């Protein structure tokens, strides 16, 4: 595939900014219309979901990491589990084969910005460049754009969340369980915190760039499974099809 120019924006839905080419999923929705299910008053923001079945969404931020992510993927593959990876765009560009493996093994890839800045401190123009550049990188490697966004550090204002959902149809995915693994408290503590706070419909935050987090995963994954919880991707927990099953098509716009 050829590299898209800055005006060839990739988005999960029909963006509000004119562009000659975008990528849209068939039957895209302008908003996530699940106001009774999303545990958040703003439908452009998701922290957890009230689900009818015992499911959780395990998410991993800041990768891919050249050694830790493959270990994690092996663990997930051996257990037949799916997760969601919020990837940094410059790491996608650095590790395309690893990014492709994540997608090929049935996991979802979300947008986590290009360079991991505090986006609430930046202009809309800078924010959209960070997001579009990352979407483009993921599309170039996997053949499909991300359909959800997670802001670095969770730093994204309510106005920004609504604006992004309007112009790119990317809901902001936050979390309901945070083991604070970035503080590197040790594998046992990470596993204990996740197991203690996880619940049906939870979205669990973790980072696959830390060895301690990966070391915590066998006990975490097996412990949640033993409690009868099943693992789904973010798209699945909010009622969308599996990311790999979305039908994306090219749409040409004038202007």
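In mature numbering (1 follows the signal peptide of the UniProt record, and there is no 0), the protein residues as written are -28 to -1, 1 to 227. All C-beta atoms, glycine included, are put in the ideal place defined by N, C-alpha and C. Treat the numbers as computed from the prediction; the structure is a model and nothing was measured.
Nearest-angstrom beta carbon gap, residue 77 and residue 215 [assumed within contact, 8 Å]: Within the chain shown, numbered from 1, the residue matching residue 215 stands at position 243. Within the chain shown, numbered from 1, the residue matching residue 77 stands at position 105. 12 Å between Cβ atoms; not a contact.
Element boundaries [alpha helix (DSSP H), containing residue 181]: Position 209 of the chain shown, counted from the start, is the residue given in the question as residue 181. Neither: residue 181 is in no alpha helix (DSSP H) and is coded neither H nor E.
Alpha helix (DSSP H) segments (min. 4 residues) lying fully within the segment 132 to 212: At a cut-off of 4 residues, the continuous stretches assigned as alpha helix (DSSP H) that sit fully inside the segment 132 to 212 are 159 to 169, 183 to 198 and 206 to 209.
CB contact flag (residue 132, residue 92, <8 Å): The residue labelled residue 132 in the question sits at position 160 within the chain shown. The residue labelled residue 92 in the question sits at position 120 within the chain shown. Yes. Within cutoff.
Endpoints, the beta strand (DSSP E) within which residue 59 is located: If you number the chain shown from 1, residue 59 lands on position 87. Residues 56 to 59.
Residue 155 versus residue 44: straight-line alpha-carbon distance, rounded: On the chain shown, residue 155 is found 183 positions in, with the first residue counted as 1. On the chain shown, residue 44 is found 72 positions in, with the first residue counted as 1. Going from the Cα of residue 155 to the Cα of residue 44 covers about 19 Å.
Counted within 10 angstroms of its Cβ, other Cβ atoms place residue 124 as buried (16 or more) or exposed: Along the chain shown, one-based indexing puts residue 124 at 152. Residue 124 is buried by the Cβ-count criterion.
Selection from 104, 39, 164 and 86 that minimises the alpha carbon distance to residue 194: Translated into the one-based positions of the chain shown, residue 194 becomes position 222. Of the candidates 104, 39, 164 and 86, the one whose C-alpha sits nearest the C-alpha of residue 194 is 164.
Residues that DSSP places opposite residue 234 in a beta bridge: With the chain covering -28 to 227 only, the question about residue 234 has no answer from this structure.
Separation of residue 54 from residue 34, as counted between CA atoms: On the chain shown, position 62 is the one that residue 34 refers to. On the chain shown, position 82 is the one that residue 54 refers to. If you take the alpha carbons of residue 34 and residue 54, they lie about 17 Å apart.
Pair within 8 Å by beta-carbon distance, residue 114 and residue 49: Here residue 114 refers to the residue found at position 142 of the chain shown. Here residue 49 refers to the residue found at position 77 of the chain shown. No.
Cβ-based neighbour list, residue 9, same chain, cut-off 6 Å, excluding 5 preceding and 5 following: Counting from one through the chain shown, the residue named residue 9 turns up at place 37. No answer about residue 9 holds up, because its pLDDT of 48 lies below 50 and its placement is not dependable.
Cα-Cα separation between residue 83 and residue 60, rounded to whole angstroms: Along the chain shown, one-based indexing puts residue 83 at 111. Along the chain shown, one-based indexing puts residue 60 at 88. Cα to Cα, the separation comes out at about 7 Å.
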